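The working numbering numbers the first residue of the sequence shown as 503 and each following residue consecutively.
We treat Cβ as the ideally placed atom computed from N, Cα and C, and that holds for glycine.
Computed from a predicted structure; not experimentally measured.
Take a look at the structure set out below.
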Amino acid sequence: MQKSAAGRTGTIDLPLHGGKAPQWLISRMKNLSSAIFEVMVEEYGRGEVLRRIADPLWFQSLSSVLAYDWHSSGTTTVVCGVLKSVLDPSELGIAVAGGKGRKAKDAPGEIEDIGLLFGITGGKIEELKATSRIVAKVDNACLQDGYQLYHHAMFLSEDGEWAVIQQGLNDLHGYARRYQWLSTIESFIDEPHQGITGFVEKDVLDMTAKASENCRKVSTDLVCENTQRLKRLYESIRPPGQKSLSEWIEGERGYETHAFRLPKRVDWNTLRRVYEIQPKNYEELIQIQGVGPSTLRGLALISELVYGEKASWSDPVRYSFAFGGKDGVPYPVERYAMDEASAVLKDAINMAKLGKKDKIEAIKRLEVFLDEKSGNHRSILK
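Here it is in structure tokens:
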């Protein structure tokens, strides 16, 4: 398993697959998942169920148990859709808001409906809706990895806890990337993910990395200064007549170029409004309407090139079940983590209200997944 300097690990590639899952498969997935989650809520509690949903290893194992293609982008969208339909909030105290495509935009209204059903107070409901928005903003703007979000599912418990599963796509090379979050996070902007699953990319601007902390602070300070001064600073990092920013960096400043690309357009009207608001920190900054990837990238470049506070340009992708990555090096999954994930699933399957044949087949599918993706993984069948 690869590890970055920050201690994050590995990758999994999720190729984009078109079409829809056949109805017979969806029906079987619903029956299996309904039985499994009924047991899990009863045996482990809602909080632990959410923790498992936010765990990339466990979620991938669940997909295999439900008989869905383990390495397809549909792993995320189909499984989340199935869970949304079978998790009965009145029975289990867990519900799902959002989904794929247009359904993602339904999340705020559905969060409100779920909150009212669970008897959650108005203030807490607004907090959950804000959480849904900021999580999407972080994965689209703070983490600039070349993937555009097209799936957003928020799992909510009647206790007010949550987990979020998002997925983005990269049309250029036809892969998807999954982002998983849990409500136990201490910060939305400081390495907040439970895991990011996908294909390792080069030159990813990661403003959520610990290494970007000072860059985040400088970015916030910059927007709180006079906008005209900020504009002059921005224009100074690409003097008139200069062919490229890279030429200027290498020729005059001696900086490592990374993937420096100035935004084609900066919305100075938005930055004037940000100046009037005077955000106290980076988290407040990114929540202001109109502050998007271009603005955050421009601020990061000024921070690095003018003030020397560098952002992280290392991809935070964390997990891999795949062998033979792009460079031919295998990335085995940590056995302890996979053992733990599979053991919980196996126990739930054995206790579920399923026929003996269904239980055996479900565990066999889990075994096949573990063997194929974890190398010489020991058997969990007894």
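Buried or exposed (CB count within 10 angstroms, at least 16 for buried), Lys626: Classification for Lys626: exposed.
Cys717 and Ala655 closer than 7 Å at C-beta: Contact flag unset, no.
Identity of the residue in Leu645, Ala643 and Ala609 nearest Glu628 by Cα: When C-alpha distances from Glu628 are compared across Leu645, Ala643 and Ala609, the shortest belongs to Ala609.
Sub-7 Å separation of Ser659 and Ser814 beta-carbons: Cβ distance not < 7 Å, so Ser659 and Ser814 don't count as in contact.
Own chain partners of Val793 with C-beta closer than 7 Å, once the 5 adjacent residues on each side are dropped: For Val793, where only same-chain residues beyond five positions count, the Cβ hits under 7 Å are Thr772, Val776 and Leu787.
Collapsed DSSP secondary structure at Trp815 in the structure displayed: Three-state result, Trp815: coil.
Run of the beta strand (DSSP E) containing Met656, from where it starts to where it stops: For Met656, the enclosing beta strand (DSSP E) starts and ends at Gln650 to Ser659.
Contacting residues, own chain, Cβ-Cβ under 7 Å from Pro524 (five flanking each side not counted): There are no such residues.
Chain D within 7 Å of Met709, Cβ atoms only: Note that chain D does not occur in the displayed structure, where there is just one protein chain.
First and last residue of the uninterrupted alpha helix (DSSP H) at Ile779: If you look at Ile779, you'll find it in the alpha helix (DSSP H) that goes Trp770 to Ile779.
CB contact flag (Val584, Met531, <7 Å): A contact, by the Cβ cut-off of 7 Å.
Buried/exposed call for Glu737, threshold 16 Cβ in 10 Å: Taking all protein chains shown into account, Glu737 has fewer than 16 neighbouring C-beta atoms within 10 Å of its C-beta and is therefore exposed.
Residues of its chain near Glu612, where Cβ-Cβ distance is below 7 Å and the 5 sequence neighbours each way are ignored: These residues qualify, in order along the chain: Ala599 and Gly600.
Cutoff 7 Å; reference Gly830; Cβ partners in own chain excluding five residues on either side: Caution applies to Gly830, whose pLDDT of 31 falls short of 50 and renders its modelled position unreliable; the value that the coordinates give is listed next. Closer than 7 Å at the Cβ level, and outside the excluded window around Gly830, lies no residue.
Whole alpha helix (DSSP H) elements within the region 541-585, 4-residue minimum: Listed in chain order, the complete alpha helix (DSSP H) runs (minimum 4 residues) inside the region 541-585 are 548-555 and 558-567.
Selected residue, minimal CA-CA separation from Thr722, among Gln682, Glu663 and Leu798: Comparing Cα-Cα distances from Thr722 to each of Gln682, Glu663 and Leu798, the minimum goes to Leu798.
Inter-stretch contact (C-beta, 8 Å, three-pair minimum) for the region 695-713 and the region 638-651: A contact exists between the region 695-713 and the region 638-651.
Entirely enclosed beta strand (DSSP E) segments - the region 650-735, minimum 3 residues: Within the region 650-735, the complete beta strand (DSSP E) segments at least 3 residues long are 650-659, 664-672, 677-684 and 697-699, listed from N- to C-terminus.
Coarse secondary structure for Ala597, derived from DSSP in three states: Strand.
Assigned secondary structure, Leu764 (DSSP; H/G/I helix, E/B strand, else coil): Note: Leu764 maps to coil in three-state DSSP.
Exposed unless 16 or more other CB atoms sit within 10 angstroms - verdict on Ile698: The residue is buried, with at least 16 neighbouring Cβ atoms inside 10 Å.
Trp683 and Val702 closer than 7 Å at C-beta: Contact flag unset, no.
Simplified DSSP state of Lys866, which is helix, strand or coil: Secondary structure of Lys866 (DSSP, three-state): helix.
Residues sharing a beta bridge with Leu645, DSSP: According to DSSP, Leu645 bridges with Asp708.
Classification of Ala864 by the beta-carbon crowding that lies within 10 angstroms, buried from 16 upward: Counting of Cβ neighbours within 10 angstroms places Ala864 among the buried residues, the total reaching 16 or more.
Cα-Cα separation between Ser746 and Val637, rounded to whole angstroms: Note that Ser746 scores a pLDDT of 48, beneath 50, so its modelled location is shaky and nothing firm can be said.
Counted within 10 angstroms of its Cβ, other Cβ atoms place Asp590 as buried (16 or more) or exposed: With a 10 Å radius around the Cβ and a threshold of 16 neighbouring Cβ atoms, Asp590 comes out exposed.
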